[in-house]
Amino acid sequence: MATQAFQKIYTKLNQITKATCSVKASGVGNEELATVGGRLAQVVKIVEDNVTLQIFAGTEGIGTDAEVVFFGKAPTLKVGSDLAGRFFNAYGNPIDGGPDVEGQEVEIGGPSVNPVRRKQPSELIATGIAGIDLNNTLVTGQKIPFFADPDQPYNEVMAMVALRAASDKIILGGMGLSNDDYLFYKNTFENAGVIDRIVSFVNTTEDPTVERLLVPNMALTAAEYFAAEKNEKVLVLLTDMTLYCDALSIVSNRMDQIPSKDSMPGSLYSDLAKLYEKAVQFPGGGSITIIAVTTLSGGDITHAIPDNTGYITEGQLFLKRDTDISKTIVDPFRSLSRLKQLVIGKKTREDHPQVMNTAVRLYADAANAKTKLENGFDLSDYDERVLDFAKEYSEEILAIDVNIDTDTMLNTAWKLFQNHFNKEEIGIKDEFMNTYWKKA
Amino acid sequence: MTKGVVKAIIENLVQVEVSGPVSQNEICYIDLGGVKLMAEVIKVLGNIAYTQVFESTRNLRPGDTVEFTEKMLEVKLGPGMLSKNYDGLQNDLNKMDGVFLTRGEYTDPLDEDSSWEFTPLIKSGDMVSGGDWLGSVPESWIEHKIMVPFGLTDEYKVKKIAEKGTYKITDTICTIEDKEGNEIELNMIQYWPVKIPIKCYAQKPRPFKLMETGVRTLDTLNPMVEGGTGFIPGPFGAGKTVLQHSISKNADADMIIFAACGERANEVVEMFVEFPELDDPRTGRKLMERTIIICNTSNMPVAAREASVYTAMTIAEYYRNMGLKVLLLADSTSRWAQALREMSNRMEELPGPDAFPMDLPAIVSSFYARAGFVYLKGGSTGSITFIGTVSPAGGNLKEPVTESTKKAARCFYALSQARADSKRYPAVDPIDSYSKYLEYPEVIEYLNSNVNPTWVDDVTHTKDILRRGREAQEQINILGDDGVPLAYHDRYWKSEMMDRVILQQDGFDPVDASTPMKRQEFMLELILEICDIDFVFESFEEVMPYYVKLINICKQMNYVDFESEDFKKYEAELRKEVEERSAK
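Chains E and S, in that order, are what the protein sequence lines are.
Just so we're aligned, residue 618 is where the first sequence starts under my numbering, counting upward by one.
Just so we're aligned, residue 71 is where the second sequence starts under my numbering, counting upward by one.
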């Protein structure tokens, strides 16, 4: 970004840490953008004429005489329909060799939607994956993360969900994405022929860590443009939010803030909520749906990052390896979509809620039976039957490579109920039993 | 008025150099290029006032000017608040333009143009003081009392009172005179600082009346009382919000104030959409007509989150003083505590446990103390029942917010992850949870004379059945199905029946969602009757299928209208099954 004639240049830095620096300057606004020795930086604290900046690309090699130039505005993104099909870095500059995007310049991280103007999410997002459509139905305007261990195929599953879901735009915000994963997304989208529906903002592991802090807001600002101005259905993919939080903790640490749980800043909840709450169903018909990835350490969801995330998002999805069928499934116990109540049995068949609950209950009984077996106890006839049921349920419905519509999932579930159980063991409302339980 | 200039900006903490006197909690407005940002003084050091700004401070600069108001953060009280959707600072959200919130846009909480049908309740010559009723106006179905402003604590003589008729809220409806002969003109509006409790009542006895919520696991096992306090801690996904929504829909209160404090916007939207449609089970009117929503969702400014619970409590106190039964719900009080933590951190205060401020327990307990059942000066009664949720970090109940709240609240409704995982909703743990009110002699007497004469003993008996069931289950898990006496299976399945029929409730089923006390009493007595029978089984394999059959019939009963044809049919079927087995 070129400096302009009227801009004041400061050259006396009085403090440099690994992520921040301070300079004496006047007339500077909070959250204003600047360059320090040519690197982009943002104002994070002002005490009288002492201005603290976080330098996105890190402070390596920055001298106390580095030139500091203030832009007089917060970070911005130029939005327009030209964004579609393009790949950008964390600053919103093209990295695909294409030209700069022309359009209206808007500040990123803008204001929140007035809650009374929001519409209730009511449109189902079908993915063909039963672990989602049947057990944890997604709805437009929802925000939901995958809680996954680093060894799980979360990027693959997320790409699959993105491609199968009916949306007008897919916006990828990649934070600390490995170069291999970045290329995976790029190739997957290209091969699927959907590249003109994609906008990507990517910070790879090769880029500086603090830069990541800009990525989600860039992605969400672009999403707001398409959803609010163009009334489009936008799906935002954010991966990996744990690496975003790590960058937050680095900056807060350099600013001498008192860390709270797990060395995370005390404002983590608000910081994350500001991003996730951008998911919205607009009155004009557009919507922003956020699917994120939060990687866990050893499946620990009590760590501050997944914990705060879980309190913000509308559910969470867990992946699990089902060793009985050697396939990945969406864990029916720990996963939850909070908004499913808005569509199941309303947009889907009336028996959906009860069939879903019954199948999960029986699957839980199977887990108990398995424990019994492992502890060396004899199995009852019922135990044997739930185990058989669970295996077929996994294989025919839950496995992530099964791609069927919801009615087929429900019919298959009824078929399995009838094959393994009697009426009392199912315990579904009589009105549904009368319709769907085929008389022998 | 004191003026000042901005000196330092650390996110939403702004230090202001002042030229005159300022007071703690005074409100000021910071001028950001013509936009006025509201802020509150939270600390004063020399001539520097530390303020928390209720808006984003983006682009604020040192040198920007500040005007102080000499007022604390206050709410505007008067007729017309029912059915309104406010933000944490009592701005009417519906009056704001545009889809997005605009910084510095503050709207009137009341409708100054609205007219009300006023009926005087006093006459000239009467002596009055703060909180006394001057007259009433019908607001929705509530007789909204116009009161002497709470701050007027002396005795005043009524010089003139408006006649019955239609007035605007800004019209003078009463003139009173103090001891010195100064006349004070009163209209229907008054202001009150939110951090100060309104105490214009005669006395505050121990609460004793049952507060029905329609949720069986609360009403039957651990009842809430009118004017009581309780809290619902639980990890995410355990169903805190669903439980609170279901209480707000079905509770036996005159009005509901719901403070959505730092939680998800879509949850509030659900209330905006549903409440105008749903019927109030008591009056048949729409639920929204008895509800005020204070909504400061998680993406709205943090400082206003703290204000939102106080705003809600003050409005509740105002309505309590009219002799109403108010239910105040806050979801979630942890977010409020986190807002306090963020500010404390920015002010570089020495941290307490988990970086929360040291005075957190004191703040929480003085807030809970504002709830309660009161006798008003005129002899009538009013109450605020307060139920807050707590979102413990990592689901760990040993964290500071849960511990502070446990000291303050009398009912503890622990949501259990294990119950939520196995879809046993509401996931209130029947054994860990408690209601201290069950120990109050006045509550016991009330329950026994209003529900049934042996009720409290029956509840204790129920808890024993559940506890023994859990012990039996543990033994079965350790020793195996055939390693324990047959009686253990029977014991376990009896508790399982209690759990599945009484405790579990389908919040989304039109009939099962809310159970009146009479029906709860009927079902509990029915299940207890079965639990007290010694059934004879040949082997443990007979036990489960038999109880599953009974449970199934009882669940069908839960899904149909009480005492309907179907209900009686299922009851007969159940009794037949029980008789056949007892005859063996």
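We treat Cβ as the ideally placed atom computed from N, Cα and C, and that holds for glycine.
These numbers come from a predicted model, not from an experiment.
Between the beta-carbon of residue 177/S and that of residue 162/S there is about 5 Å, and that keeps the pair under the 8 Å contact cut.
Check the Cα spacing between residue 609/S and each of 586/S, 157/S and 552/S: the tightest is with 552/S.
Around the beta-carbon of residue 250/S, fewer than 16 other beta-carbon atoms lie within 10 Å, marking it exposed.
In the structure shown, the three-state DSSP call for residue 294/S is strand. By DSSP's assignment, residue 525/S forms no beta bridge with any residue.
Short of 6 Å from the beta carbon of residue 494/S, and not among the five residues preceding or following it, lie these beta carbons of its own chain, in chain order: 574.
Within the segment 576-654 of chain S, the complete alpha helix (DSSP H) segments of 4 residues or longer fall at 587-601, 610-629 and 635-653, listed in chain order. Within the same chain, Cβ atoms closer than 7 Å to the Cβ of residue 862/E are found at 881, 885 and 922, the five residues on either side in sequence being excluded.
Annotated as distal: residue 929/E and residue 853/E, with beta-carbon spacing of 8 Å or more. Within chain E, the residues whose beta carbon sits less than 7 Å from that of residue 619/S are 1041, listed in sequence order. The DSSP assignment places 372-390 and 403-416 as complete runs of the alpha helix (DSSP H) inside the segment 361-433 of chain S, in order along the chain (cut-off: 4 residues). Cβ contact annotation for residue 543/S (same chain, cutoff 6 Å, sequence separation greater than five): 562, in chain order. Here residue 75/S is not near residue 94/S, since their CB atoms are 8 Å or more apart.
Look at residue 439/S here: in three-state DSSP terms it is coil, with no helix or strand label. Secondary structure at residue 864/E: helix, using DSSP grouped into helix, strand and coil. In this structure, the straight-line span from the alpha carbon of residue 718/E to that of residue 709/E is close to 9 Å. In the same chain as residue 454/S, and ignoring 5 residues on each side of it, the C-beta atoms closer than 6 Å to its own belong to 386, 390, 396, 398 and 441, in chain order. Note on geometry: alpha-carbon atoms of residue 617/S and residue 623/S lie some 10 Å from one another. Residue 261/S carries a strand assignment under DSSP once its states are collapsed to helix, strand and coil. In this structure residue 591/S is in contact with residue 522/S, their Cβ atoms being roughly 6 Å apart against a cut-off of 8 Å.
At a cut-off of 8 Å, the C-beta of residue 861/E has no neighbouring C-beta in chain S. Chain-order list of chain S residues neighbouring residue 733/E: 155, 163, 164 and 342, by C-beta distance under 7 Å. In the structure shown, residue 514/S adopts helical secondary structure according to DSSP, grouped into three states. Taking C-beta atoms under 8 Å as the contact rule, residue 790/E and residue 818/E qualify, at a distance of about 5 Å. Shortest Cα-Cα distance from residue 799/E to any of 787/E, 822/E, 945/E and 873/E involves 822/E.
At a cut-off of 8 Å between beta carbons, residue 1029/E makes no contact with chain S. The segment 196-206 of chain S makes no contact with the segment 369-378 of chain S; the number of CB pairs closer than 8 Å stays below 3. For residue 658/E, the closest alpha carbon among the candidates 664/E, 665/E, 644/E and 688/E is that of 688/E.
A residue is called buried when at least 16 other Cβ atoms come within 10 angstroms of its Cβ; residue 141/S does not meet this threshold and is exposed. Put simply, of 345/S, 392/S and 465/S the residue whose alpha carbon is nearest the alpha carbon of residue 309/S is 465/S. Within 10 angstroms of the beta-carbon of residue 412/S lie 16 or more other beta-carbons, which makes it buried. Under the three-state reduction of DSSP output, residue 564/S falls in the helix class. When the alpha-carbon of residue 686/E is set against those of 661/E, 654/E, 711/E and 700/E, the nearest one is in 654/E.
The straight-line gap separating the alpha-carbon atoms of residue 911/E and residue 669/E is approximately 30 Å. As for any beta strand (DSSP E) of minimum length 3 sitting wholly inside the segment 849-935 of chain E, the runs are 850-856 and 904-912, ordered along the chain. For residue 139/S, no alpha helix (DSSP H) encloses it; the enclosing beta strand (DSSP E) starts and ends at 135-142.
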